[in-house]
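When the count follows the numbering used here, it moves up by one through the sequence shown with no breaks and lands on 262 for the last residue. For each residue, glycine too, the CB sits at the ideal point set by N, CA and C. Working notes, beginning with the structure itself.
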Amino acid sequence: MDKERKLVIAGNWKMNKTVAEGLDLVNGIKRECKDVKEVDIVVCPPYTALSEVSKAIINSNIRLGAQNMSENNYGAHTGEIAAGMLKEFLVRYVILGHSERRQFQKESDELIAKKAAAAHAATIKPIVCVGETLAEREGGQMEKVLQTQVRGSLAGLTPEQMVETIVAYEPVWAIGTGKTATSQQAQDAHAFLRSLLAKQFDDNTARRVRIQYGGSVKAANARELMSQPDVDGALVGGASLEDRSFADIIKNSI
Ligand code: PEP
Numbered sequence: 009m010d011k012e013r014k015l016v017i018a019g020n021w022k023m024n025k026t027v028a029e030g031l032d033l034v035n036g037i038k039r040e041c042k043d044v045k046e047v048d049i050v051v052c053p054p055y056t057a058l059s060e061v062s063k064a065i066i067n068s069n070i071r072l073g074a075q076n077m078s079e080n081n082y083g084a085h086t087g088e089i090a091a092g093m094l095k096e097f098l099v100r101y102v103i104l105g106h107s108e109r110r111q112f113q114k115e116s117d118e119l120i121a122k123k124a125a126a127a128h129a130a131t132i133k134p135i136v137c138v139g140e141t142l143a144e145r146e147g148g149q150m151e152k153v154l155q156t157q158v159r160g161s162l163a164g165l166t167p168e169q170m171v172e173t174i175v176a177y178e179p180v181w182a183i184g185t186g187k188t189a190t191s192q193q194a195q196d197a198h199a200f201l202r203s204l205l206a207k208q209f210d211d212n213t214a215r216r217v218r219i220q221y222g223g224s225v226k227a228a229n230a231r232e233l234m235s236q237p238d239v240d241g242a243l244v245g246g247a248s249l250e251d252r253s254f255a256d257i258i259k260n261s262i
């Protein structure tokens, strides 16, 4: 598939996989995807598996991501993990503002913007998640919600940092539900997000930012979704927990 921007497909393992299970999974992905050059492949294990997974992917085409990080640097923040600690494991990406964290940990756009700034300060690329709930979509609020989230959670980034930031459009109603947005719904939302980036930054920056789609992506719908001009990859939950299904999404996207 000929794309303007290089596809980036990330697996969000969420709170799944022991170290041994994570190693099995990543070794399987490594085997299945060893010849893939067209896609940036990222795995985001829980913190507890970062160290071993990091060692397992040295000299491979797989990059490491984390699922969250603190907005603070080292210090008195019990239970938190700083960007510098992630760097020790060669973490290159970090998912920020996932809808589960927005919902259950009450993360605000303001907090997410602070985390994005801290990630960039450590040269970790943030994957900033945005997306509307079903009630918001049905109430005609989708654009307003996306606008608020983009304005707030990407506030303060320079254009150079924005280009190194990934936006993940994840309609909340499609996450873990088996309900995927149609490729047209995804394209429309992605094009709208890109127009917001053009306003907040500039046209050239907006054109270079990769926007992933997330929400029940699987091998069967990956090709159709990735063929949309403004869809530049996927953030995958459930289907990233098994090597073949994650590898098939990647292979079907090329
Ligand atoms: C996610 O949690 O980011 C996600 C997209 O999950 P799923 O693929 O399971 O819908």
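State yes or no: is the C-beta of residue i nearer than 7 Å to some heavy atom of the ligand PEP?
| i | result |
| --- | --- |
| A247 | yes |
| E151 | no |
| G223 | yes |
| V16 | no |
| N24 | no |
| E178 | yes |
| L104 | no |
| N20 | yes |
| V244 | yes |
| A74 | no |
| I183 | yes |
For residue i, count neighbouring Cβ atoms within 10 angstroms of its own Cβ and tell me buried if that reaches 16, exposed if not.
| i | result |
| --- | --- |
| A182 | buried |
| V140 | The identity of residue 140 in the sequence shown is Glu, whereas the question assumes Val. Buried: at least 16 other Cβ atoms inside 10 Å. |
| K123 | buried |
| I66 | exposed |
| N212 | exposed |
| H198 | buried |
| Q113 | exposed |
| D204 | Looking at the sequence shown, residue 204 is not Asp but Leu. It counts as buried. |
Identify every residue that forms a DSSP beta bridge with residue i.
| i | result |
| --- | --- |
| N303 | In the structure as shown, the chain begins at 9 and stops at 262. Residue 303 is therefore absent and cannot be evaluated. |
| H138 | Here residue 138 turns out to be Val, not His, going by the sequence shown. DSSP output for V138 lists Y177 as bridge partner(s). |
| V244 | G19 |
| V47 | L15 |
| G30 | In DSSP, G30 forms no bridge with anything. |
| G222 | L243 |
| K133 | Y101 |
May I ask you to report which of helix, strand or coil DSSP gives residue i?
| i | result |
| --- | --- |
| R215 | helix |
| G184 | coil |
| F209 | coil |
| T156 | helix |
| E172 | coil |
| K122 | helix |
| M9 | coil |
So, does the CB of residue i fall closer than 8 Å to a CB anywhere in chain D?
| i | result |
| --- | --- |
| K133 | Of the protein chains in the structure, only one exists, and it is not chain D. |
*Whole alpha helix (DSSP H) runs in the region 60-113 with 4 or more residues, listed along the chain?*
The DSSP assignment places 91-95, 107-112 as complete runs of the alpha helix (DSSP H) inside the region 60-113, in order along the chain (cut-off: 4 residues).
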